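Below is one structure, written out as structure tokens; comments come after it.
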Amino acid sequence: MAETAPVRDSFITVRTTLPRFPFPPISERPWANTERLLLRPLSASDLQALHELRTQPEVMIWTSAGRPDIDINETKAKLDTFLTDEGNGKTFNFAICFKEEPDKLVGIGGCHNSASSFGWPELGYMFRKEAWGQGIATEFVKAWLGLWKALPRQVVTVKCDERTLRGAEDGIYEKWENDEVVEERLIAMTTEDNARSKNILKKCGFEHFLTWKDKESRPNEEEVWIDLPTFRYFPGRN
Ligand SMILES: CC(C)(COP(=O)(O)OP(=O)(O)OC[C@H]1O[C@@H](n2cnc3c(N)ncnc32)[C@H](O)[C@@H]1OP(=O)(O)O)[C@@H](O)C(=O)NCCC(=O)NCCS
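Numbers in the working numbering are just positions in the sequence shown, counted from 1, shifted up by 7.
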């Protein structure tokens, strides 16, 4: 059964490790190749391709916006959140291209939120519909996790939802004390009916630890409650 939404006021504080913050600026981000893909830092020249991606209704229905961008300015505002000085070091997001077309973004993915609604950093991704069904999202997530794990770490305190610390199998919370460093987590959220995304996360080593209910309000539609399966990943494990 779905559980309640996270409530920031009831978060607990734990000591843990996380990638050193701010994240490397775009100018210093690594580029990575997979068998078929190039992962490279986002750039202002990605605007048109990102707009094409963000105006595909089949893609946007699965995002929190729930609808295509209205115009290029809305896409530009989104892209700017990753490129400007402020957003640059707070996100670790990449343009995803097929190797043979390195200038044309077919997807965007990475950590777009360093403190998700559960307190931990969050991974997300989206790809043009023409690219679906070829395993490229799985290829991207596996490569991106390698980049995430390789970032230098620091010991920090994180305010997080206590449920993210639950034991994997039996619902028993991990033993931790205030001065103990708990294993760092990375969060990914999806929706119950997004079978593709759930599959990707499981194949890449994420474990489902919670499904919660959230209110979804879509343009011209009544508010509905949706189930959000939420996954965690332990970057410190092999
Ligand atoms: C979700 C998304 C990233 C998947 O991209 P993709 O490149 O097609 O994904 P992959 O091919 O790597 O993996 C999809 C997996 O789901 C499986 N799958 C595909 N369609 C499925 C379906 N209808 N039901 C169940 N599983 C399905 C595939 O078989 C594949 O698993 P397999 O490799 O074990 O066969 C893409 O559809 C997308 O961008 N959607 C819109 C945005 C979005 O949903 N983002 C995630 C938000 S949480």
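No residue lacks a Cβ here, since even glycine has one placed at the ideal position from N, Cα and C.
Computed from a prediction, not measured in an experiment: that's the story for all the values here.
{"Query": "Decide if D259 is buried, meaning its Cβ has at least 16 other Cβ atoms within 10 Å, or exposed.", "Result": "Nothing can be reported for residue 259, as the shown portion of the chain is limited to 8 through 245."}
{"Query": "Suppose you measure from the CA of A12 to the CA of A195; what does that come to, to the nearest Å?", "Result": "15 angstroms"}
{"Query": "Taking its Cβ as the centre, do 16 or more other Cβ atoms sit within 10 Å of D177, making it buried, or is it exposed?", "Result": "Low confidence applies here, because D177 scores a pLDDT of 37, under 50, leaving its location unreliable and the question unanswered by this model."}
{"Query": "Let me check one thing: in DSSP terms, what residues is L193 bridge-paired to?", "Result": "Y240"}
{"Query": "Distance check for R27 and K156, CA to CA, integer angstroms please.", "Result": "11 angstroms"}
{"Query": "When we look at the beta-carbon of D168 and count the other beta-carbons within 10 Å, is it buried (16 or more) or exposed?", "Result": "buried"}
{"Query": "Excluding the five sequence neighbours on either side, which residues of its own chain have a C-beta within less than 8 angstroms of the C-beta of L44, listed in chain order?", "Result": "I103, C104, F105, K106, I143, E146, F147, A150"}
{"Query": "Are there 16 or more other CB atoms within 10 angstroms of the CB of P242, so buried, or fewer, so exposed?", "Result": "buried"}
{"Query": "Examine ligand 1 and report whether any of its heavy atoms sits within less than 6 angstroms of the Cβ of A144.", "Result": "yes"}
{"Query": "For P159, collect the residues of the same chain with a Cβ closer than 6 angstroms to its Cβ; drop the 5 residues on either side in sequence, then sort them by chain order.", "Result": "R27"}
{"Query": "Decide if A56 is buried, meaning its Cβ has at least 16 other Cβ atoms within 10 Å, or exposed.", "Result": "buried"}
{"Query": "Give every residue of the same chain whose Cβ lies closer than 7 angstroms to the Cβ of W127, excluding the five residues on either side of it in the sequence, and list them in chain order.", "Result": "V165, C167, T171, R192, L193, I194"}
{"Query": "Can you tell me where the beta strand (DSSP E) with A51 in it begins and where it stops?", "Result": "Run containing A51: none; DSSP gives neither H nor E here."}
{"Query": "What is the rounded straight-line gap between the Cα of N95 and the Cα of T218?", "Result": "31 angstroms"}
{"Query": "Grab me the residues of K85's own chain with a C-beta within less than 8 angstroms of its C-beta, minus the 5 sequence neighbours each way, in chain order.", "Result": "L57, R61, D76"}
{"Query": "Would E199 and D221 qualify as a contact pair, given that the criterion is a beta-carbon distance under 7 angstroms?", "Result": "no"}
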